[in-house]
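Structure, as structure tokens:
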């Protein structure tokens, strides 16, 4: 629901962000904004390369948006927050798109009911691609005018639009995965076989001593979301963080121990959800005559026991931790340990988002920007947990040490996993 | 859910069925079965001519099936009930289609959840067309073997499959109309302007004297559904039937008289539905600054006051009749009057299905066929009303004097209208 | 929701109504209205004799009203439809009762939400008894004035109020049974042991020849509801009606034959209901280690296989009939056979209401009375089936040959049973 | 769901707890346990003094339990967690009560569905009082044996049972208030007129400097719940806390400023709730021709503008704070300020619980007790906010500086109010 960023000096050397190679980082630092714009926008299209026209249309559950909608909404974002003010000659191909493709910005006008996104067959996919091209053309003209003027007021808005688009790149993938899984034919997103993980090392616990630490974004970086700011101090009792994520194999032991039927392991709301939904394993798992399988972007496969467990809710992450005699980290613990231990903390950004037991609320001193953009993060600060890190669907250069992702307790269609913590 | 038939001598001359010209009737009488097969199957495709790929995919409410599903399901019907037994060499292009495209035939195997029909992007539209062609090819080979052998056991099954396909031709149109209406862009199914109705004549009441009458299908005809049989006797007190349908203009007077806010006019369940759903007019009507508009296959238009009112529920039809100091006819009344008065009863088959105040139950002596085909009609005989006649979406040659269509009280997305009756 | 009446010459000698002894009938014919008024009102109180204060308060499901409400509502009926107009000095003990105890008479003013009836602790039970006494006192004064004047306009209204109260006497019993059953402690309404039925005789089929018959109330009787009128003619094909109801033992064979898991036996809506509700037997049945038990007014007992099966829905009655190779009667069939065969038709009025396959709609020529009283029956004429006869909870003298009870398909908390019919 | 405690030295002199007079505190310190047991148990009965039998029975919404159930459940608690192990001769008056009156302790056996609590008329109120007496008698015998042995293992369990009973004393009041409000007759709990608040002083902001502070229960006290422990350190940036609660008058200004219709003020989930529920004011407020009224324990009254606003959800508290240019405190901020400023912080314990923007999660190092008692607090640690302080319904001696109450965002039927905080 939120996302991340390009490389930045604020991420300590010790904590490299996957996909954020030196090359791309260097390029980013000096590259013209239009180059970056094109790179991000093109990446979105690349993610659609294996889809058929029909795949773009449907929404398989209320949380899932059609691919077509992601493509249009990210373009609407530039139209509304950049072009409307800074490109006075800009004309929308259809003014009704503003109604159809606004997600939730109350101050940006009325919007189409979310529940009906998957019922709208027009504009067609081709028309949506044309809409993207139309916006890109206007953006090119605008960025040409801006040139190398880093202080131009349009620059932070464009950067926000690109960060926003990257967030939707992740959602596009989690959403289409769900759409494909809903289909009894179980089509694959990727055609080839998936690579399997090597046998996991035993967990090593990375200790952090008690004391006052500083978390949050220092704003020296090129980009951060408002919800990562201001940087501030927290006191942490001493603790240790697992240096890798919980694996499918470990989670399987939890299942086979009867955990889903053992009320003492669960939060009360968790148990109610497990029973109401009939959960017996992570989302996308299915028990067959030949054992457990999982639906992945490569179709239905045997569960890879060495891979990090994914698609688990907060309730399941919490119950697993309790079963393992451990607990989930808090948000500051995650950030402080990740900053301190850098690369010795594996699978931080490239596998699954990691549930923390911190509610998603404002940092001390937080103030959202004024206007519709202020709705970007602040209005979600209730009834959600913070997740930290990044996932295999997070686009290159988007993850960040101070990044705060957030979802409600029962969320499972995201790439959500478990990193354990312990008091020491 | 709906039905109909070709022309037949059982329909008295006095009651011509629109679209059933002498030419088509003659052709039908002597034509090879394969010719009829191709004509019906091709007509289905013709109904899709103005659709975009995206339009085939979605279901805009639980009652609505995707166009793609209609195309596949009607082919599955031939596959399951004709080819499976009579074409032993036949192979399905994908055995999982049997699961995806079974509608409700419990005895024909498991089936995909109706609510998920609109979430399935594969098979693609192109693959569904290929599926149809695959079935057609096998049917052609089979019908070639059958030749002119009218006594071949396959003949009644093929006829049933074609009648079934014609019913889905009507549903396809009502469904896509709803899909288009759900879209705020309000696309049109037909591109041209619609024709408008001429000013209606005052209603003339066609009287029927009291006495014992015979209704139901005499089975001399080429085709009828099991639910139209057996023919049997009923006693009717004297009554009269309106010679035309209630118009939009007349219904507008009902609206403007405050009828939707007048509890005394409504059945209790009707009032509850009106209030829960917020109904203030027929489905597809919208009040604008310029007056009432209605969404038609030609897009959003001013209400044509001369046209028969359509898309009203049983509750609304009943309330209108009460307001008008009249009532709805019973099913036997409709049939006896239609048989007796023939063409002097206008708009019987070509505008809107006509609600009757008869519940859809078995005729005395009714027995459904054995096996899965027996599920076609009999298992719906509860909680629905009979509608008589035919509509503008009923394919040529499908309407019939004894035809029994049926829907629940709150149904509005079909072409359903009102013909009044009176005691005399 | 249900009704009936005292004895009347219109019920042929052949069809005596249980509980309606010659004595009571004679008394009724000549008795002062006030005597009858007191008899009916007192009977209501007698039905509450075994209840504790707490039992009067709750509603265990939306269909069920608290006993307290029945007591108050029946008094409100006299207050509103008799005293308001004919006893100008009458003062309600609390004008807000008119809001609390109106059931559904829209034209009689606003009313309390049905769903909240069981949430209202005040007025207390004692206050409701006082309300009844208050109304009775005013009624006594009024009836004294009326005296023996049978033509006084108040007379038919009082009779309607008493018929109405008798209907609520039946509902009071079915409702409190459900309340007790909802309680895991399973309290009994009656303290003693229940009597058991003798072994049933084999069914004898009572034949009726084809022809035109007359049904409905001839209005020579002392009382009938508007929905029983006008009497009119129907044509019936020849048929036969079972001379007794289906027994628990016969229904058990249906269960043990796996009927609840056999889709081919069920209406489509019936199967959906069976699966959604998890039905495996009639309401109030429970399978224990010692076999099937049923909850009765005498508590939890072994199923009495000789007794008529009760608490079955229309769906179950219809499925049983199909399984038995038979069918349910229509409403005219029931009435014509009951009139023709009189006492040779057993268990007509004293065990369970009998589902017919006739929808509850108006008789030809029906017109409801004007004003709020017109809402009594007419506005329920959709989405319900007619039941005929009477039940063990129907008060003495209330059942009648032409009586039309009605409930929706899934109703089970009433005393509803099965009488089979056959085409001959 | 709520909690609290007796007086304790751990509450600094500066923060007196209302109702916790020196007298009662002294008594408590030296008093025999049986004296305290009787005092608490009797207080529960005293809370029922104005209720009629009917009032004890119903549940007016899923969150609300019948008074009868509170009386029985608190007795069951002693039966299950004290008598079962420590009074081997104890016999329940009815073993089925264990099923009926278990709230949520999975490890203590099966339990009655919460949604059905209000549907159970037996045991009667009299029987429930007898059940209490039965438990009290057994407890007396046990406590006699225990005598002055403060180290007896039964002592902490009895104390827990009393704390638990006090929590239900508060719930009993909030629940019966809701029951009375649901009744259109709007009965009063208290008979006399309510006292009105004096004009509020302007808010003074009580500052706390940045630094490491200690929060949580130090376990030197006589009693604390597991969720208040262990005490631990937190770092707080500097802030200030309002010295009194937001008043009805201040909240009225928020309403009159159109706040309920101003999306920019609301959390997204808050706005959705406001719109779905049609909220326009705090629960129990109603706008009449004479202005705003509120339903209190003294019936329907004009809103007392000087009183603290109560019955607001987290969403409303958060929106009010945003509107006021302020924010809600975090849990550590509340505790640190309350400890530091003591009595200069008004209305801390005696008016309304105060929403904090801290999610209810475990303190660092928290471990629940083993066995069913471990379910008391820990399993609720998701999807709820911490509330601090106490309310007018909190029994004397139950409030405490480190007490953590908790409810979900949309909760309104508790006495929940607003204390503002500011960054400095």
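Residue numbers (our numbering), protein chains in the order written: chain A, 1 to 424; chain B, 1001 to 1424; chain C, 2001 to 2424; chain D, 3001 to 3424.
Every residue, glycine too, gets a C-beta built ideally from N, C-alpha and C.
In this text, all values refer to a predicted model and were calculated from it rather than measured experimentally.
Does the ligand SAH have even one heavy atom less than 7 angstroms from the beta-carbon of residue 1161 of chain B?
This structure does not include the ligand SAH; it has no bound ligands of any sort.
Classify residue 1220 of chain B: buried if its beta carbon has 16 or more other beta carbons within 10 angstroms, exposed otherwise.
exposed
Runs of alpha helix (DSSP H) lying entirely within the region 1222 to 1259 of chain B, each at least 4 residues, in chain order:
1248 to 1256
Nearest to residue 200 of chain A (by Cα), restricted to the options A:395, A:61, A:215, A:346:
A:346
Please list, in chain order, the chain C residues whose beta carbon lies closer than 7 angstroms to that of residue 3058 of chain D.
2057, 2058, 2118, 2119, 2121
Beta-carbon separation (whole angstroms), residue 1241 of chain B vs residue 1337 of chain B, contact threshold 8 angstroms
4 angstroms
Using a Cβ-Cβ cutoff of 7 angstroms, what residues of the region 1368 to 1384 of chain B are near chain C? List them in chain order.
1379, 1380, 1381, 1382, 1383
In angstroms, rounded to a whole number, what distance separates the CA positions of residue 2192 of chain C and residue 3158 of chain D?
43 angstroms
Determine whether the beta carbon atoms of residue 3420 of chain D and residue 3246 of chain D lie at a separation below 8 angstroms.
yes
Through-space distance from residue 1265 of chain B to residue 1173 of chain B, alpha-carbon basis:
32 angstroms
So if I threshold CB-CB distances at 9 angstroms, which residues from the region 261 to 284 of chain A count as touching chain B?
none
Strictly below 7 angstroms CB to CB, what residues from chain B border residue 185 of chain A?
1096, 1122
Can you confirm whether residue 1229 of chain B, when its beta carbon is compared against all beta carbons of chain C, has any partner nearer than 8 angstroms?
no
In whole angstroms, what is the alpha-carbon distance linking residue 1061 of chain B and residue 1270 of chain B?
20 angstroms
Using a Cβ cut-off of 7 angstroms, which residues of the region 1179 to 1209 of chain B contact any Cβ in chain A, in chain order?
1179, 1182, 1183, 1184, 1185, 1187
Let me make sure I understand the geometry here. Which of A:68, A:75, A:150, A:406 has the alpha-carbon closest to that of residue 331 of chain A?
A:406
Which value, in whole angstroms, describes the spacing of the CA atoms of residue 1249 of chain B and residue 1302 of chain B?
12 angstroms
Just mark residue 1053 of chain B as buried or exposed, buried being the case when its beta carbon has 16 or more other beta carbons within 10 Å.
buried
Return the CA-CA distance between residue 3070 of chain D and residue 3120 of chain D, expressed in angstroms with no decimal places.
13 angstroms
Applying the 10 Å Cβ sphere with the 16-neighbour rule, what's the burial state of residue 2073 of chain C?
buried
Residues of the region 395 to 415 of chain A with a CB closer than 9 angstroms to any CB of chain D: list them in chain order, please.
408, 409
With a threshold of 8 angstroms between beta-carbons, can residue 1107 of chain B be considered close to chain C, or not?
yes
Is there at least one Cβ from chain A nearer than 8 angstroms to residue 3254 of chain D's Cβ?
no
Only counting runs of 4 or more residues, tell me where the alpha helix (DSSP H) segments fall wholly within the region 1107 to 1186 of chain B, in order along the chain.
1125 to 1146, 1154 to 1182
Between the alpha carbons of residue 2099 of chain C and residue 2117 of chain C, how many angstroms are there, rounded?
11 angstroms
Three-state secondary structure (DSSP) of residue 3414 of chain D:
coil
Determine the burial state of residue 412 of chain A: buried for a count of at least 16 other Cβ atoms within 10 Å of its Cβ, exposed for fewer.
buried
Below-8 angstroms beta-carbon distance, residue 3365 of chain D vs any chain F residue:
Although the question refers to chain F, the structure presented lacks it and instead comprises the protein chains A, B, C and D.
Where does residue 3287 of chain D sit, in a helix, a strand or coil, going by DSSP?
strand
Provide the residue span of the alpha helix (DSSP H) that contains residue 2334 of chain C, from first to last.
2331 to 2341
On the DSSP bridge list, what partners appear for residue 3423 of chain D?
D:3239
Spatial distance of residue 51 of chain A from residue 190 of chain A (CA atoms)
10 angstroms
For residue 356 of chain A, which of A:418, A:370, A:341 has the nearest alpha-carbon?
A:418
I'd like the ranges of any beta strand (DSSP E) spanning at least 3 consecutive residues and lying wholly in the region 362 to 421 of chain A.
385 to 388, 405 to 407
Return the residues of the region 1348 to 1363 of chain B that lie within a Cβ-Cβ distance of less than 8 angstroms from chain C, sorted by chain order.
1357, 1358, 1359, 1361, 1362
Leaving aside the five residues before and after residue 2211 of chain C along the sequence, list all residues of the same chain whose C-beta is less than 8 angstroms from its C-beta, in chain order.
2235, 2236
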